[in-house]
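A.B. asks: Dumping the structure here so I can ask a few things about it.
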Amino acid sequence: MIPDRLRAPVALLAVGFVTTVLLSGCSGQGNAEAGNAQAAAVSFSRAVAGATDEACGLLAPQTRKELEDREGPCASALPAELQSTPGPVRSTEVYGKDAIVRLESDTIFLARFRDGWQVTAAGCARAQVGRPYDCKVKGD
Amino acid sequence: MKRRLKENGLTLAFSALLLAALVGQALTGRASYNESAVDAGLPLLSLAEYVTSSQFAVDVAENWQSEYLQFLLYILFTVWLLQKGSPESKPLDKAGRESDEEQKVGAHAEAGSPGWAKVGGWRTALYSRSLGLLMGLVFLGSWSAQFVAGRSAYNAEQLHDLQDPLGWAQYLQAPDFWNRTFQNWQSEFLAVGSMVVFSIYLRERGSPESKPVGSPHTATGVEG
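Chains as they are written, first to last, in our numbering: chain A, 369 to 508; chain B, -4 to 219.
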């Protein structure tokens, strides 16, 4: 059992930890990062039709590699795979370094790398509730 | 200085162990996370990012809540429940909150008794339950922290798997939350239960958690 003399410091430590976690957990939706993730998703979606190089630059390395292995150079493969009508943003959620941005016409998954938010999957549609999205472009 | 070290040896030893274990958990937890991230082509976490992540927080909080639940239940159960032969139990005729005289409160307080033990009324009533109350509050806080951080960590995994994140109500019903909870609870209950039983028959010379080595197995409520 915990000795008497340990109870106060341990309890204080515990209260401090719990407070920290609750505060960080409540801000864990990452409001600032939600804006950044959303901006990256919108930029990507707009660039798919016109500025393909920019869109390819926003793909996460493994996602781009998978696309190019399967369909050839990104600049030509990406517009063929994805529609270019982003539409308005419906919702954005961020958890740590991962985000999902739901646009009117697409759902995009992103991860925050050292250089900023990059697209890990796009052209995603949910076939069934509780199951993974079917994505036209995604990593392995 | 030397005297102060001696008088606070338990606090210092456990504080050092706690810090060392947390450092070990942080280093190995980050390595484990990054191994998976490399495989999936996802961003790696620095040590600073990992120790402030929901992944680290949920792993810490799920263990802390169960420890404080263990102490809370132990503190409360040992008021009323007894175990013949165990030094963790009170003597068999002492079940319950006991008299004011036995507890040295109010008119029976001694010169050195804490102030709130002497004054009576709500303050003595509150102070008489303060240990259980604090343990209970820390338990609830840690469990809440596990819930908040656990949902965030779980949702990050969901996004790795290209699945929708769960809302608060959904995560409250999710196997992840309850599995983390129950797997910690069962180990705490096992540890306390086995301590109660083992201490009937086994001894640790010099430890206040054990009966004196020569005490009979039937002696209850005797500390070494």
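Just so it is clear, CB atoms sit at the ideal spot from N, CA and C, and this is done for glycine as well.
#1: Measuring alpha carbon to alpha carbon, tell me which residue in B:Ala15, B:Ser125 and B:Thr176 is nearest Asp54 of chain B.
#2: Whose Cβ in chain B lies nearer than 7 Å to the Cβ of Ile476 of chain A?
#3: Are the CB atoms of Leu157 of chain B and Cys503 of chain A within a distance shorter than 8 Å?
#4: Run the CB neighbour count on Gly33 of chain B, radius 10 Å, all protein chains shown included, and call it buried at 16 or more, exposed below.
#5: Using only the alpha-carbon positions, how far apart do Arg200 of chain B and Ser194 of chain B sit?
#6: With a 10 Å radius around its C-beta and 16 neighbouring C-beta atoms as the bar for buried, classify Ser205 of chain B as buried or exposed.
#7: Can you check which of these residues, B:Lys89, B:Lys1, B:His155 and B:Leu64, is closest to Trp75 of chain B by C-alpha distance?
#8: By DSSP, does Gly101 of chain B sit in helix, in strand, or in coil?
#9: Where Ser82 of chain B and Ile468 of chain A are concerned, what is the direct C-alpha to C-alpha distance, given to the nearest angstrom?
#10: First and last residue of the beta strand (DSSP E) that includes Gly491 of chain A?
#11: Does any CB atom of chain A fall closer than 8 Å to the CB of Asp156 of chain B?
#12: When Cβ atoms are compared, which residues of the segment 480 to 508 of chain A fall closer than 9 Å to chain B?
#13: I'd like to know whether the C-beta atoms of Pro207 of chain B and Gly219 of chain B end up nearer to each other than 8 Å.
#14: Mapping the DSSP letters down to three states, classify Ile370 of chain A as helix, strand or coil.
#15: Counting only beta-carbon separations shorter than 8 Å, does Glu439 of chain A have a partner in chain B?
#16: What are the complete alpha helix (DSSP H) segments, minimum 4 residues, inside the segment 115 to 185 of chain B?
#17: What is the DSSP secondary structure of Lys433 of chain A, reduced to helix, strand or coil?
#18: Contact check, Glu449 of chain A vs Gly491 of chain A under 8 Å by CB: the rounded distance?
#19: Going by beta carbon distance, what residues of the same chain come within less than 7 Å of Phe66 of chain B, once the five residues before and after it are set aside?
C.D. replies: For this structure:
#1: Closest by alpha carbon: B:Thr176.
#2: Chain B residues near Ile476 of chain A: none, gap ~11 Å exceeds 7 Å.
#3: yes
#4: For clarity, residue 33 of chain B is Val in the given sequence; the question names Gly instead. In summary, Val33 of chain B is exposed, with fewer than 16 beta-carbon neighbours lying within 10 Å of its beta-carbon over all protein chains present.
#5: A straight line joining the alpha-carbon of Arg200 of chain B with that of Ser194 of chain B spans about 12 Å.
#6: Buried, since its Cβ has 16 or more Cβ neighbours within 10 Å.
#7: With distances taken between CA atoms, Trp75 of chain B lies nearest to B:Lys89 out of B:Lys89, B:Lys1, B:His155 and B:Leu64.
#8: helix
#9: The sequence as given places Pro at residue 82 of chain B; Ser does not occur at that position. Near 56 Å, if we compare the C-alpha coordinates of Ile468 of chain A and Pro82 of chain B.
#10: Gly484 to Ala493
#11: yes
#12: Listed by position, the residues of the segment 480 to 508 of chain A near chain B (Cβ gap below 9 Å) are Arg480, Phe481, Arg482, Gln486, Thr488, Ala489, Cys492, Arg494, Val497, Gly498, Arg499, Pro500, Tyr501, Asp502, Cys503, Lys506, Gly507 and Asp508.
#13: Taking the C-beta atoms as reference points, Gly219 of chain B is found nearer than 8 Å to Pro207 of chain B.
#14: Confidence is the limiting factor: at Ile370 of chain A the pLDDT is only 47, short of 50, which leaves the residue's position unreliable and the question unanswerable from this model.
#15: no
#16: 116 to 122, 125 to 155 and 163 to 167
#17: It is helical.
#18: 6 Å
#19: Met130
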